[in-house]
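These protein sequence lines map, in sequence, to chains Z and G. All residue numbers for the first sequence refer to UniProt numbering, where the first residue is 1 and numbers rise by one. All residue numbers for the second sequence refer to UniProt numbering, where the first residue is 1 and numbers rise by one. The beta-carbon is built from N, C-alpha and C at its ideal position, and this holds for glycine as well.
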Amino acid sequence: MRIVIAEDDPLLREGLALLLRAESLDVVGTAGTADGILDAIDVHKPDVAILDVRMPPTHTDEGIVAAVEARRRRPDLAVLVLSAYVEQSFATELLTGGVTGLGYLLKERVGRVEEFLDALRRVAAGGTAIDPEVVAQLFTRSRHDSRLERLSPRERDVLALMAEGLGNSAIAERLVVTDGAVHKHIRSIFAKLDLSPTDQVDRRVAAVLRYLEDVRRRA
Amino acid sequence: MSSQQYASDGAPKPRIRDIVVRSAGAALVALEKLAGGFGTAVLALAVLLLVTVTAVASLVGVGLLMAPSALRALHAVAERERDRLTRWGPELIGPGPAPTQLRPALADPTTRRELGWLATHGTLGLLLGLLGVLLPLVAVRDTAFPLLYPFAPENANSTSIGIGVAHTWLDALAVVPLGLAWIAIIVGLGPGMARLQARPGRRLLSAGPDADLSLRVAELTATRAAALDAHATELRRIERSLHDGTQNRIVNVTVLLGAARRMVARDPAGADELLERAQSAAEGALAELRSVSRSILPPVLDDRGLEGALAGLAADCPVPCRVDVETPARCAASVEATAYFIVAEALTNIAKHSHAQHATVTVRSHDGRLHLQIKDDGRGGADETGGSGLTGMRRRIAAHDGNLTLTSPPGGPTTLEVDLPCGS
Numbered sequence: 001m002r003i004v005i006a007e008d009d010p011l012l013r014e015g016l017a018l019l020l021r022a023e024s025l026d027v028v029g030t031a032g033t034a035d036g037i038l039d040a041i042d043v044h045k046p047d048v049a050i051l052d053v054r055m056p057p058t059h060t061d062e063g064i065v066a067a068v069e070a071r072r073r074r075p076d077l078a079v080l081v082l083s084a085y086v087e088q089s090f091a092t093e094l095l096t097g098g099v100t101g102l103g104y105l106l107k108e109r110v111g112r113v114e115e116f117l118d119a120l121r122r123v124a125a126g127g128t129a130i131d132p133e134v135v136a137q138l139f140t141r142s143r144h145d146s147r148l149e150r151l152s153p154r155e156r157d158v159l160a161l162m163a164e165g166l167g168n169s170a171i172a173e174r175l176v177v178t179d180g181a182v183h184k185h186i187r188s189i190f191a192k193l194d195l196s197p198t199d200q201v202d203r204r205v206a207a208v209l210r211y212l213e214d215v216r217r218r219a
Numbered sequence: 001m002s003s004q005q006y007a008s009d010g011a012p013k014p015r016i017r018d019i020v021v022r023s024a025g026a027a028l029v030a031l032e033k034l035a036g037g038f039g040t041a042v043l044a045l046a047v048l049l050l051v052t053v054t055a056v057a058s059l060v061g062v063g064l065l066m067a068p069s070a071l072r073a074l075h076a077v078a079e080r081e082r083d084r085l086t087r088w089g090p091e092l093i094g095p096g097p098a099p100t101q102l103r104p105a106l107a108d109p110t111t112r113r114e115l116g117w118l119a120t121h122g123t124l125g126l127l128l129g130l131l132g133v134l135l136p137l138v139a140v141r142d143t144a145f146p147l148l149y150p151f152a153p154e155n156a157n158s159t160s161i162g163i164g165v166a167h168t169w170l171d172a173l174a175v176v177p178l179g180l181a182w183i184a185i186i187v188g189l190g191p192g193m194a195r196l197q198a199r200p201g202r203r204l205l206s207a208g209p210d211a212d213l214s215l216r217v218a219e220l221t222a223t224r225a226a227a228l229d230a231h232a233t234e235l236r237r238i239e240r241s242l243h244d245g246t247q248n249r250i251v252n253v254t255v256l257l258g259a260a261r262r263m264v265a266r267d268p269a270g271a272d273e274l275l276e277r278a279q280s281a282a283e284g285a286l287a288e289l290r291s292v293s294r295s296i297l298p299p300v301l302d303d304r305g306l307e308g309a310l311a312g313l314a315a316d317c318p319v320p321c322r323v324d325v326e327t328p329a330r331c332a333a334s335v336e337a338t339a340y341f342i343v344a345e346a347l348t349n350i351a352k353h354s355h356a357q358h359a360t361v362t363v364r365s366h367d368g369r370l371h372l373q374i375k376d377d378g379r380g381g382a383d384e385t386g387g388s389g390l391t392g393m394r395r396r397i398a399a400h401d402g403n404l405t406l407t408s409p410p411g412g413p414t415t416l417e418v419d420l421p422c423g424s
């Protein structure tokens with residue numbers, strides 16, 4: 001797996017590279033600015049780009065802008081955004097552009113190396129990795145959504161884990177239930193969210209997107 | 001005992017000399033007010049005529065074109081009177097800009113009140129003002145008449161009221177009591193006349209109970225917003241140094257710890273090296289945190305004030321440093337903190353780069369601004385693009401809307417001057 005890292009703090013950039021290299025992952029380039037990382041992506045043709053949200057010059061949303069631009073240039077590029085805190089509008093901006101091969105995690109998750117590598121691999125394979133904190137906020141915001149109110153607490157938990165990007169068996173493991181039970185919950189969620197099996201789109205993605213769109217409409 | 005002595009003397013009697021001095025002073029002030037009022041009253045009369053002409057001409061249509069300039073003149077003369085009255089007493093707060101278009105002006109309470117004032121001040125006020133100007137003249141003339149008498153033309157009126165002709169010295173001396181009577185009138189009635197002249201202005205030109213003070217409020221709000229803005233910028237600076245500095249350090253600690261944990265089984269030596277790096281990253285985070293919290297409000301500022309805090313900095317500086325602080329009032333805490341931060345940075349730079357023998361720190365405050373000057377006799381050539389210290393200073397100073405000037409020719413001396421609004 002070829003990886004580029006954009007992080008303006010030199011020590012942290014080095015630390016991240018060190019961690020990934022220790023796991024025998026191939027860090028092919030690093031940069032401290034949005035422009036720098038876009039160049040690195042052009043040159044090194046990585047599979048995954050890990051981007052810090054706040055970078056010079058304004059230290060606001062440079063990483064998000066770079067992520068959107070990078071995916072415009074190379075739609076197949078997996079992007080994992082690391083953020084110092086959950087900023088709903090950034091997450092929504094990023095996710096509504098499509099959730100395949102996309103991750104949005106709080107920076108401190110990197111220290112939980114196993115889970116972080118798991119998320120990284122999932123994103124690189126075209127999956128999704130959304131920070132539980134982001135998902136929790138999405139749910140708080142859309143509590144008054146009538147379709148959401150139709151979900152049982154258990155179904156809501158399952159949807160939250162789906163939104164984080166977990167597969168059925170991973171969800172079963174987290175909730176300590178059987179795969180069958182998870183399958184049943186998901187079917188029920190699809191039904192309550194009016195997602196029919198004949199839909200062409202991936203219903204898992206559609207379910208998550210529906211929430212994101214609700215959130216965005218409210219914002 | 002002194003208390004008994006006091007009792008035997010009775011209450012201290014008001015001394016006649018004091019009374020005379022006080023009355024004379026009050027009379028002179030009253031005359032000055034009346035004369036000043038005379039000035040605006042003449043203008044008021046002129047504007048009153050203009051307004052009347054405009055009103056009459058409006059009946060045949062032509063005046064409608066003149067209305068805006070007449071209204072502008074009205075507002076201008078009213079504003080002048082507000083300024084004058086403010087100089088002589090409590091501040092007269094105007095209701096803010098008034099309309100200069102005829103239609104809104106007709107419905108505008110401010111304009112109506114100004115017209116009422118104009119009519120009174122242009123007539124009664126003018127009369128009082130005229131008296132205020134003439135009374136001292138006639139008082140002087142009549143009191144001093146015996147001195148003028150030899151030079152007075154034959155058969156000229158000897159009194160200023162136009163009665164009597166002095167033919168002899170005695171006749172001339174008889175005019176003096178009249179002059180003294182004028183003085184008595186000035187002393188007795190002057191202050192009352194001045195008050196009477198000012199009353200319509202004070203009543204009608206201030207913002208009425210029904211006046212819309214929203215503009216005034218908006219103005220004050222803007223000033224306040226600017227102060228809050230400076231604080232918001234300061235908060236943003238702190239938030240940024242926490243997120244982009246301290247937090248990154250701590251994330252780095254967790255990253256290194258995570259990596260070490262993964263490595264501990266397969267490569268204990270490598271893991272130990274990572275732990276070592278994690279520890280120094282944690283120490284870095286602590287140092288960062290300390291500097292952030294110190295930059296918010298150095299504890300020493302609270303304990304010892306700006307002067308004491310700066311003296312402490314100077315004492316810690318390896319280059320001998322003299323501190324001279326003269327600030328009558330304390331500034332806003334965030335401004336003092338910024339001043340402290342600037343001096344700390346400047347002294348660090350001096351110690352590191354200047355090769356100076358002496359440094360001086362001078363702090364002055366006037367007109368609501370705090371001026372800092374940090375000077376050294378080192379080799380000069382300080383470069384703004386060189387270190388991050390100056391950039392940090394500039395950022396903090398800009399947050400407060402202040403200025404920084406650095407003069408540092410090669411060979412020295414180096415002078416850093418900073419000017420900050422005291423704020424709060």
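Under DSSP, the beta-bridge partners assigned to Z/Val81 are Z/Leu51 and Z/Tyr104. Contact fails between the region 317-333 of chain G and the region 280-291 of chain G, because fewer than three Cβ pairs, one in each stretch, are under 8 angstroms apart. Around Z/Glu108, the beta-carbon contacts reaching into chain G at under 7 angstroms are Val251 and Thr254.
If you look at G/His366, you'll find it in the beta strand (DSSP E) that goes Ala359 to His366. Within a 10 Å sphere around the beta-carbon of G/Gly201 sit 16 or more other beta-carbons, which makes this residue buried.
With distances taken between CA atoms, G/Pro90 lies nearest to G/Ser206 out of G/Asp267, G/Ala359 and G/Ser206.
Annotation: G/Trp117 to G/Leu301 spans about 54 angstroms, alpha carbon to alpha carbon. Residue G/Ala337 holds the alpha-carbon nearest to the alpha-carbon of G/Leu297 among G/Leu306, G/Ala337, G/Trp169 and G/Ala194. If you look at G/Leu31, you'll find it in the alpha helix (DSSP H) that goes Ile16 to Ser58. Here G/Ile93 carries a coil assignment [DSSP, helix/strand/coil]. Under DSSP, the beta-bridge partners assigned to G/Val323 are G/Val361. In this structure, G/Ser408 sits near G/Gly381, with a CB-CB distance shorter than 7 angstroms. By the C-beta density criterion, G/Arg266 is exposed, having fewer than 16 other C-beta atoms within 10 angstroms.
Around the beta carbon of Z/Asp42, a 10 Å sphere encloses fewer than 16 other beta carbons of the protein chains shown; the residue is thus reported as exposed. The C-beta distance from Z/Asp131 to Z/Arg112 rounds to 12 angstroms, too long to meet the 8 angstroms contact threshold. The beta carbons of G/Thr54 and G/Arg72 sit no closer together than 7 angstroms. Rounded to the nearest angstrom, the Cβ distance from G/Ala198 to G/Gly37 is 7 angstroms, consistent with a contact under 8 angstroms.
Counted as a single uninterrupted DSSP element, the beta strand (DSSP E) harbouring G/Glu417 occupies residues Thr414 to Pro421. Just measuring C-alpha positions, the residue of G/Pro421, G/Asp376 and G/Ala260 sitting nearest Z/Leu20 is G/Ala260.
Interface annotation, G/Gly258: in contact with chain Z, CB-CB separation under 7 angstroms. Contacts between G/Asp244 and chain Z, judged by CB atoms closer than 8 angstroms, involve Asp8, Asp9, Arg54, His59 and Ala84 in chain order. In this structure, the beta-carbon distance from G/Leu178 to G/Asp142 falls below 7 angstroms. Contact with chain G is absent for Z/Gly63, since none of that chain's Cβ atoms lies less than 7 angstroms from the residue's Cβ.
Contact annotation: in the region 97-123 of chain Z, residues whose CB is within less than 7 angstroms of a CB in chain G are Lys107, Glu108, Val110, Gly111, Arg112 and Val113. Boundaries of the beta strand (DSSP E) around Z/Val4: Arg2 to Ala6. In this structure, DSSP gives G/His167 a state outside helix and strand, which the three-state scheme calls coil. Contact with chain Z is absent for G/Gln279, since none of that chain's Cβ atoms lies less than 7 angstroms from the residue's Cβ.
Excluding sequence positions up to five before and after G/Lys33, its CB lies within less than 8 angstroms of the CB of Trp88, Gly132, Ala194, Gln197 and Ala198, all in the same chain and listed in chain order. Counting along the chain, G/Ala332 sits inside no alpha helix (DSSP H), nor does DSSP assign it H or E at all.
G/His371 carries a strand assignment under DSSP once its states are collapsed to helix, strand and coil. Annotation: the region 273-317 of chain G contains the following complete segments of the alpha helix (DSSP H) (minimum length 4 residues), in chain order: 299-316. Residue pairing by DSSP places G/Val187 in no beta bridge whatsoever. Residue environment: Z/Gly180 is assigned as exposed (fewer than 16 neighbouring CB atoms within 10 Å of its CB, all protein chains considered).
Interface flag for Z/Gly15 against chain G is set, since a Cβ pair is found closer than 7 angstroms. Among the residues facing chain G, Z/Ala22 is included, as its CB has a counterpart in that chain under 7 angstroms away. Under the three-state reduction of DSSP, Z/Ile130 is assigned to strand.
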